[in-house]
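Residue numbers (the UniProt record's numbering): 1 to 381.
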């Protein structure tokens, strides 16, 4: 067993569990000496052949986590192998999950590098930074993290995407990893299959679009016949009350065009009072888009510090507080957060200027293939 323990740095369980010879995902074993995957352990199997040709004799079943000696074929029961099992399939109990935020300690990988569980780097396989920034943001949401750290919480789901996301969560927060970084390869394969290659390796995509798809897909896959809600809605769903105040002149124009359903009440349950029609509706949401302020135009006398500026529509001065629809000045639209969300993810697109400073007009333009810089923040409210 000494040689196998010395070769742990070559073990990598972040990739799909396929035989390196037959490309089959059935009954796959990992060689604990070289780290390669082989199918079966019978006399005609690829693992059996590898044990004879290379002299590598210890293999672990990637599904059952049982360890065997080949070509002899007997099972090995050794407590020293538990560390490998924990890296293959990280485990957390509820007591450990509760202690994660109370006891933050650095861990050391086999190569001697230090890493902080939950803050490990994600390998950018090929233009998959839009996935990495989304995953890193979601890992900071405590209720979501706690839910996916315990597989029993989503055992009822048959979605590969749900289970690969849970597995990735456990690997990111595992304190006994062999490496200081994690590869989201298996999760990306599940994303490609679930999205029908809408999001795939090698093609850059919008992080906000991916976040919207991921949250809605996880919610749909986590729902069951007994529960219509999910941890996704519990963490991120809010409710917006939209009040449209329409002046009586504008409302009269609507009735002239055929909308004469109400005399004293407006459409959608609205009411007419003081020559103003108020239409009220409620809208649940997971994502809420807000306009970023325009780039500042003025600097201080030293031409170094940017003077902040705020756009103030004329309608805001003459009417009640709210958000004015610019396309129709006769209608005042007020947005009210009726039910706030428990957690907030903030995405700032095109933040390259924000992070690196403003690029002068004479400076070179970024290439068309350059990825869109995105700043993602996670807040537990």
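Every residue gets a Cβ at the ideal spot worked out from N, C-alpha and C, and that includes glycine.
{"Item": "On the premise that residue 201 lies in contact with residue 150, defined as a C-beta separation below 8 Å, what is that separation, rounded to the nearest angstrom?", "Value": "With a Cβ gap of about 29 Å, residue 150 and residue 201 do not count as contacting."}
{"Item": "Just to confirm, are residue 38 and residue 62 a CB contact at a threshold of 8 Å?", "Value": "no"}
{"Item": "Answer yes if the region 123-140 comes into contact with the region 208-223, meaning at least three C-beta pairs across the two stretches below 8 Å, and no otherwise.", "Value": "yes"}
{"Item": "So what does DSSP say about residue 354, is it helix, strand or coil?", "Value": "With a pLDDT of only 45 at residue 354, under the threshold of 50, the placement of this residue in the model should not be trusted; the figure read from the coordinates follows. It is helical."}
{"Item": "Could you tell me the distance, in whole angstroms, from the CA atom of residue 169 to the CA atom of residue 156?", "Value": "18 Å"}
{"Item": "Would the region 65-81 count as touching the region 90-100 if we require 3 or more Cβ pairs under 8 Å?", "Value": "no"}
{"Item": "Which term fits residue 339, buried or exposed, when burial requires 16 or more other beta carbons within 10 angstroms of its beta carbon?", "Value": "exposed"}
{"Item": "Does the distance from the CB of residue 241 to the CB of residue 336 come in under 8 Å?", "Value": "yes"}
{"Item": "What does the Cβ neighbour count give for residue 194, buried or exposed, with the cut at 16 atoms within 10 Å?", "Value": "buried"}
{"Item": "Can you name, in chain order, every residue of its own chain whose Cβ lies under 7 Å from the Cβ of residue 70, other than the five neighbours on each side?", "Value": "41, 47, 48, 51, 57 and 59"}
{"Item": "Considering Cα atoms alone, identify which of 227, 284, 196 and 218 is closest to residue 239.", "Value": "284"}
{"Item": "Go ahead and pull the three-state DSSP assignment for residue 8.", "Value": "helix"}
{"Item": "Mind checking residue 325: buried by the 16 CB within 10 Å criterion, or exposed?", "Value": "Only weak support is given to the placement of residue 325: the predicted model assigns it a pLDDT of 44, under 50, and the question is left unresolved by the model."}
{"Item": "With 16 other CB atoms within 10 Å as the buried threshold, where does residue 55 fall?", "Value": "exposed"}
{"Item": "On the DSSP letters alone, give me the boundaries of the alpha helix (DSSP H) that residue 406 sits inside.", "Value": "Lying outside 1 to 381, the shown extent of the chain, residue 406 is not represented and no answer is given."}
{"Item": "Exposed or buried, residue 278, counting other C-beta atoms within 10 Å across all chains shown (16 or more means buried)?", "Value": "buried"}
{"Item": "When DSSP labels each residue in this structure, what does residue 322 get in the three-state scheme?", "Value": "Any answer about residue 322 is weak, because its pLDDT of 44 lies below 50 and its placement is not dependable; what the coordinates show is given next. Residue 322: coil per DSSP, three-state reduction."}
{"Item": "Any idea which residues DSSP pairs residue 131 with across the strands?", "Value": "Paired residue(s): none; residue 131 is not in a bridge."}
{"Item": "Nearest by alpha-carbon distance to residue 72: which of 109, 199 and 43 is it?", "Value": "43"}
{"Item": "Only counting runs of 4 or more residues, tell me where the alpha helix (DSSP H) segments fall wholly within the region 75-133, in order along the chain.", "Value": "82-88 and 94-99"}
{"Item": "For residue 13 versus residue 207, is the C-beta spacing smaller than 8 Å?", "Value": "no"}
{"Item": "Which residue wins for smallest C-alpha separation from residue 237, given the options 183, 9, 344 and 119?", "Value": "344"}
{"Item": "I'd like to know whether the C-beta atoms of residue 160 and residue 122 end up nearer to each other than 8 Å.", "Value": "no"}
{"Item": "Buried or exposed, going by whether 16 or more other CB atoms sit within 10 Å of the CB of residue 68?", "Value": "buried"}
{"Item": "DSSP three-state call for residue 384: helix, strand or coil?", "Value": "The chain is shown from 1 up to 381; residue 384 falls before or after that span and cannot be answered."}
{"Item": "Alpha carbon to alpha carbon, what distance is there between residue 86 and residue 108?", "Value": "15 Å"}
{"Item": "Do you know offhand how far residue 396's Cα is from residue 148's?", "Value": "In this structure the chain extends from 1 to 381, so residue 396 is not present and cannot be described."}
{"Item": "At what residues does the alpha helix (DSSP H) containing residue 231 begin and finish?", "Value": "231-236"}
{"Item": "Cβ of residue 18 within 8 Å of Cβ of residue 186?", "Value": "no"}
{"Item": "Are the CB atoms of residue 143 and residue 234 within a distance shorter than 8 Å?", "Value": "yes"}
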